[in-house]
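When we follow my numbering, the leftmost residue of the sequence shown carries the number 1, and every step to the right adds one.
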Amino acid sequence: MKYGINSFVIAGLALMALSCAQNSSTGNADVKMPQVVNNVEVATAVIKEVPQDETYTTTVQAYVTNNVVPQSGSRIKKINVEIGDFVRVGQVLAEMDQANLQQTRLKLANDSTELGRLKELYAQGGISKSDFEQVQLAYNVSKTQYENLVENTILRSPVNGVITARNYDAGDMYAMSSPIFTVQQITPVKLLVAISETDYTKVKKGDSVQVTADALPGRTFTGKVDRIYPTIDPATHTFTVEVVVQNSDRALRPGMFARAHVTFAVNKSIVIPDSGIMKLQGSGQKSVFVLNSDNTVSSRVVTVGRHYEGQYEILSGLSEGEQVVVKGFSSLKSGSEVNVISK
């Protein structure tokens with residue numbers, strides 16, 4: 001009998017324990033875990049003037065490069081300039097042997113005298129027209145030969161420029177293997193800039209271009225588009241633009257590494273800080289978190305344009321006045337509630 005009473009006690013205690021466990025379980029089901037609210041900073045999408053520009057690397061080139069050579073082989077009698085000398089157009093650079101020039105000068109003088117004598121006879125009817133024209137032709141041929149020899153014996157600079165190469169010394173026999181001098185015009189200089197074919201219709205002759213050179217830190221030169229090449233390179237899908245810089249102080253020199261900053265236009269576009277742009281993993285798409293009126297956020301895909309001064313131009317996906325998260329979005333997802341700590 002005592003054994004039976006103990007059994008009832010034990011059974012009662014078990015029922016009480018089960019009841020408490022059920023009550024505890026029911027109570028926990030009614031408790032909700034608090035939602036984490038992220039602190040974020042936002043910025044407003046505004047419309048600004050966005051320069052449609054690009055910077056290209058290139059090399060400074062002489063505006064004109066002339067190789068100074070005589071027409072035929074001859075001995076060099078005199079060298080008048082050295083590498084690095086600045087020369088003026090028409091300045092004598094070198095003189096070749098003048099033996100042929102002297103002979104041609106004498107023949108020209110003789111033909112000139114003969115032409116003058118026969119001209120008087122022809123006027124008086126003393127010679128036929130055909131005989132006079134034959135003498136006149138001989139004079140013209142001698143004159144042309146003389147002028148050609150003068151040009152190829154007394155070598156002059158064809159441009160205002162600088163001597164960048166001298167390949168012979170006085171006394172050498174010029175053998176037509178390389179030019180005696182190379183003269184480069186560096187006021188102005190030019191730059192050949194390869195621009196993407198997508199910008200072909202945006203570039204206009206006369207457009208201003210800002211040029212900088214690594215060798216001249218802190219200086220910016222202004223040039224203009226002087227020529228637009230009419231074909232597209234099928235390998236690089238670029239076209240060439242020739243930019244001319246006046247370079248009046250001769251600071252830019254051929255061969256310098258340079259950067260050409262080209263501004264195609266200025267657009268009025270929506271811009272936001274670049275810190276608000278997220279790149280979607282596995283794609284080239286960009287997105288932002290837009291703040292809703294109920295302090296939640298929505299993810300939205302946007303199309304970006306130019307990046308400048310810490311901002312991105314937004315081509316599509318945002319409207320003026322909308323607010324985007326620029327800080328604190330690392331754990332956000334669409335529908336997340338946020339606490340805006342600054343705007």
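Glycine included, C-beta positions come from ideal geometry on N, C-alpha and C. Since the model is a prediction, treat every value here as computed from it, not as a measurement.
**Asked** So, using beta-carbon positions, are Glu197 and His237 closer together than 7 Å?
**Response** yes
**Message:** For Phe221 and Thr212, what's the separation of their Cα atoms in angstroms?
**Reply:** 6 Å
**Request:** Could you tell me the distance, in whole angstroms, from the CA atom of Asn295 to the CA atom of Lys224?
**Result:** For Asn295 and Lys224, the distance between alpha carbons rounds to 51 Å.
**Prompt:** beta strand (DSSP E) containing Ala138: first to last residue?
**Reply:** Element bounds for Ala138: not the beta strand (DSSP E) but the alpha helix (DSSP H), Lys129 to Thr153.
**Request:** Specify, as a first and last residue, the run of the beta strand (DSSP E) that Thr201 falls within.
**Result:** No beta strand (DSSP E) holds Thr201; DSSP gives it neither H nor E.
**Asked** If you run the structure through DSSP and keep just helix, strand and coil, what is Asn295?
**Response** coil
**Message:** Can you check which of these residues, Ala109, Val135 and Asn110, is closest to Lys119 by C-alpha distance?
**Reply:** Among Ala109, Val135 and Asn110, the Cα nearest to that of Lys119 belongs to Val135.
**Prompt:** So what's Leu252 in DSSP terms, helix, strand or just coil?
**Reply:** coil
**Nearest candidate by alpha-carbon position, reference Leu192, set Arg219, Val244, Glu151 and Asp233** = When only C-alpha atoms are compared, the closest one is Val244.
**Message:** Can you list, in chain order, the residues of its chain with a C-beta nearer than 8 Å to that of Val338? Leave out the 5 residues immediately preceding and following it.
**Reply:** Val37, Asn38, Asn39, Val40, Leu291, Asn295, Thr296, Val297, Val325, Gly328 and Leu332
**Message:** Rounding to the nearest angstrom, what Cα-Cα distance links Thr164 and Ser178 in this structure?
**Reply:** 14 Å
**Item:** Runs of beta strand (DSSP E) lying entirely within the region 80–117, each at least 3 residues, in chain order
**Value:** 92–96
**Prompt:** Under a Cβ-count criterion, where at least 16 other Cβ atoms within 10 Å of its own Cβ denotes burial, should Phe257 be classed as buried or exposed?
**Reply:** exposed
**Item:** Beta-carbon proximity of Val203 to Pro51, cut-off 7 Å
**Value:** Contact: no.
**Message:** By alpha-carbon positions, which one of Thr144, Lys143, Asp85 and Arg117 ends up nearest to Asp131?
**Reply:** Arg117
**Request:** Determine the closest residue to Tyr174 out of His307, Val60, Ser287 and Val68, with distance taken between C-alpha atoms.
**Result:** Val68
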